[in-house]
Amino acid sequence: MTRNPLKDGFGREITYLRLSVTDRCDLRCTYCMAEHMTFLPKRDVLSLEELERLAGAFIDRGVRKIRLTGGEPLVRRDVMTLLARLGRRLEAGELDELTVTTNGTQLTHLADLLRATGVKRINVSLDTLDDAKFETLTRRNVLSKVLRGLDAAQNAGLKVKINTVALKGVNEAEIPALVEWSHGRGMDMTLIEVMPLGEIEEDRIDQYLPLSAVFDDLSSRWTMTPLEMRTGGPARYHRVEETGGVLGMITPLTNNFCAGCNRVRVTCTGQIYMCLGHSDRVDLRAALRSENPDAALDAALDRAMLKKPERHDFDISERGAAPSVPRHMSVTGG
Ligand code: SAM
Ligand code: SF4
19 MTRNPLKDGF
29 GREITYLRLS
39 VTDRCDLRCT
49 YCMAEHMTFL
59 PKRDVLSLEE
69 LERLAGAFID
79 RGVRKIRLTG
89 GEPLVRRDVM
99 TLLARLGRRL
109 EAGELDELTV
119 TTNGTQLTHL
129 ADLLRATGVK
139 RINVSLDTLD
149 DAKFETLTRR
159 NVLSKVLRGL
169 DAAQNAGLKV
179 KINTVALKGV
189 NEAEIPALVE
199 WSHGRGMDMT
209 LIEVMPLGEI
219 EEDRIDQYLP
229 LSAVFDDLSS
239 RWTMTPLEMR
249 TGGPARYHRV
259 EETGGVLGMI
269 TPLTNNFCAG
279 CNRVRVTCTG
289 QIYMCLGHSD
299 RVDLRAALRS
309 ENPDAALDAA
319 LDRAMLKKPE
329 RHDFDISERG
339 AAPSVPRHMS
349 VTGG
C-alpha cells in the first residue's frame with residue numbers, strides 16, 4: 019500500500035509522471051521550437067542525482083509509470099545511468115513501466131542499452147517518410163538516421179509506437195501511407211493535433227489540422243473499430259481492420275479528455291506542471307535543494323495536487339493570437 023497516494027482536488031489519482039531530462043534537442047521541429055532557441059544554463063537543470071531523488075519521491079507517492087522526455091531525452095549524456103537506476107525500481111516491483119519518448123536519432127547506438135535498462139516500449143516521433151519534407155519540418159537532414167534507429171530499436175526487442183503530429187498541407191496527404199507503413203512494421207501509431215504551445219515562427223492556425231477530418235478520411239478507406247483501451251491519457255484508439263494495427267488519436271482541440279487524467283509533468287528544472295494547457299506550476303527544485311528535501315518534496319507535491327485544474331482550455335481559432343501557453347512543448351516534453 020502506498021503511503022499517502024497523490025490525488026488531486028477532483029479525486030483523480032496521479033500514477034503517471036512525464037519527466038523531462040533536458041530542454042535541448044538535436045532537431046528543430048517547426049511546430050515545436052524556433053531555429054534559434056536559448057537553452058537553459060546547466061546549473062538550472064536538475065542533476066542526475068536530483069532527477070533520481072525526484073522520481074523516487076513520486077514512486078513513494080504511488081506513481082507507477084514514468085516516461086522520460088525532453089527536448090530530446092537521449093541527447094542528455096547521463097540519461098542511460100538514470101534509466102538504469104530507475105530500471106532497478108522496475109525490477110523491485112515499485113514501478114510498472116519505464117518508457118521514453120524520442121525523436122529516434124540516437125537509437126542506432128542506444129537501442130540495445132535502452133532495452134537492457136528494462137525499457138520495453140518507446141514512442142518515436144516521426145511526421146513524414148519523405149526526406150525533403152523531413153528536413154523542412156525538423157530543419158535537419160537526418161531521416162535515414164531515424165529510420166536506422168527504428169530498425170535498431172525493433173532488433174533490440176523494443177516495442178515501438180510512432181507519434182505523428184498532423185500538419186495541414188504538410189503531411190496531411192501522407193497520413194494513410196504512414197499508418198500503413200507503421201502497422202506493416204508491427205508498430206502502433208498515434209496521431210496528434212498540433213497544440214498552441216510557445217512562440218514559433220509560423221501561425222498555428224496554418225498548421226492546425228483537426229483530427230476529426232483525418233478520421234473521416236481514414237474511415238472512408240478502412241474499417242475503424244473503436245477499442246476500449248484507455249491509458250488514462252488523451253488518446254482514443256481504433257483498430258484498423260485492413261492493416262491490423264492500432265491507431266490512436268490525441269485530440270486536445272476537438273475533444274476534451276481531461277476527466278480521466280492521471281498524469282503530471284516535470285521539467286528538467288524541476289517545475290511540476292499539473293496540466294499541459296496551463297501555466298500554473300510548483301517548484302520542486304527548491305524543495306530538492308532545501309535543508310530537508312524529503313519532507314519539502316512531499317509538501318510541494320501536496321501543494322501541486324491542489325493546483326491541478328479540472329481541464330485545459332486550449333484555443334487555436336484566432337489568427338495571430340498569442341499561444342495559449344507561452345512555454346514550448348520542448349519544456350514540458352509533451
Ligand atoms: N524530442 C522527443 C520527440 O520528439 O519525441 C520528445 C519531446 S517532444 C516535445 C514530444 C512530442 O511532442 C513529439 O511527439 C512532438 O511531435 C510533440 N510536439 C511538439 N510540439 C508540439 C505541439 N506544438 N503540438 C503537438 N505536439 C507537439
Ligand atoms: Fe526536438 Fe522533439 Fe521538439 Fe522535435 S518535437 S524539436 S525532436 S523536442
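In terms of this note's numbering, the sequence shown is residues 19 to 352.
A virtual CB, placed ideally from N, CA and C, is assigned to each residue, including glycine.
| said: With a threshold of 8 Å on Cβ separation, who are the neighbours of LYS186 within its own chain once the five nearest residues in sequence on each side are excluded? | reply: The count along the sequence shown starts at 1 and reaches residue 186 at position 168. The residues are ASP224, GLN225, TYR226 and LEU227.
| query | Can you name the start and end residues of the beta strand (DSSP E) that ARG299 belongs to? | reply | Here the question's residue 299 lines up with position 281 in the sequence shown. Counting along the chain, the beta strand (DSSP E) containing ARG299 begins and ends at 299 to 301.
| query | Quick one, which of PRO59, GLY89, LEU128 and VAL81 has its alpha-carbon nearest GLY102's? | reply | As a working mapping, residue 102 is identified with position 84 in the sequence shown. Just to set this straight, residue 102 is Ala in the shown sequence, not Gly. Measuring from the Cα of ALA102, the nearest candidate turns out to be LEU128.
| query | Counting pairs of Cβ atoms below 8 Å between the stretch 256 to 269 and the stretch 194 to 203, do you hit three or more? | reply | Judged by pairs of C-beta atoms under 8 Å, the stretch 256 to 269 touches the stretch 194 to 203, as three or more such pairs exist.
| message | When you compare the CB of ARG239 with every CB in chain D, is at least one pair closer than 9 Å? | response | The chain inventory of the structure shown lacks chain D, comprising one protein chain alone.
| Cβ-heavy atom distance between GLY89 and the ligand SAM below 8 Å? | Here residue 89 is taken as the residue at index 71 of the sequence shown, counted from 1. Yes, the Cβ of GLY89 comes within 8 Å of a heavy atom of the ligand SAM.
| Contiguous beta strand (DSSP E) assignments of at least 3 residues, all confined to the stretch 97 to 173 | If we require 3 residues or more, the beta strand (DSSP E) runs fully inside the stretch 97 to 173 come out as 115 to 120 and 139 to 143.
| message | Is SER237 close to the ligand SF4? I mean its beta-carbon at under 8 Å from any heavy atom of the ligand. | response | Locating residue 237 in the sequence shown gives position 219, counting from the first residue. Result no, Cβ not under 8 Å from the ligand SF4.
| task | For the alpha helix (DSSP H) holding LYS325, just list the boundary residues, first then last. | result | Stepping through the sequence shown from its first residue, residue 325 is reached at position 307. Here the alpha helix (DSSP H) through LYS325 covers 311 to 325.
| Where do the ends of the beta strand (DSSP E) carrying PRO23 lie? | The sequence position of residue 23 within the sequence shown is 5, counting from 1. Note, PRO23: premise wrong, no beta strand (DSSP E); not H, not E.
| message | What residue range does the alpha helix (DSSP H) around GLY263 cover? | response | Here residue 263 corresponds to residue number 245 of the sequence shown, with the count starting at 1. Run containing GLY263: none in the alpha helix (DSSP H); it sits in the beta strand (DSSP E), 263 to 268.
| message | Closer than 8 Å to a non-hydrogen atom of the ligand SAM - does that hold for the CB of PHE210? | response | Position 192 of the sequence shown holds residue 210. Contrary to the premise, residue 210 reads as Ile rather than Phe in this sequence. Yes - the ligand SAM has a heavy atom lying nearer than 8 Å to the Cβ of ILE210.
| query | Helix, strand or coil: which one does DSSP assign to ASP224? | reply | Taking the first residue of the sequence shown as 1, we reach residue 224 at position 206. ASP224: helix per DSSP, three-state reduction.
| request: Could you tell me if ASP62 is buried or exposed, where buried requires 16 or more neighbouring beta carbons within 10 angstroms of its beta carbon? | output: Here residue 62 is taken as the residue at index 44 of the sequence shown, counted from 1. Result: exposed.
| field | Best match in SER38, LEU155, ASN310 and ALA184 for proximity to THR117 [C-alpha to C-alpha] | value | Working through the sequence shown from its first residue, we reach residue 117 at position 99. The residue with the shortest Cα to Cα distance from THR117 is SER38.
| request: Please list, in chain order, all residues of the same chain as LEU161 whose beta carbon is under 7 Å from its beta carbon, the five residues on each side excluded. | output: Taking the first residue of the sequence shown as position 1, residue 161 is located at position 143. Same-chain partners within the cutoff: ASP149 and PHE152.
| Is it true that the CB of ILE84 sits closer than 9 Å to the CB of ARG36? | The sequence position of residue 36 within the sequence shown is 18, counting from 1. The sequence position of residue 84 within the sequence shown is 66, counting from 1. Against a cut-off of 9 Å, the Cβ pair of ILE84 and ARG36 comes out as a contact.
| request: Would you kindly work out how many angstroms separate the C-alpha atoms of HIS54 and THR20, rounded to a whole number? | output: Looking up residue 54 in the sequence shown gives position 36. Looking up residue 20 in the sequence shown gives position 2. So the alpha carbons of these two residues sit roughly 44 Å apart.
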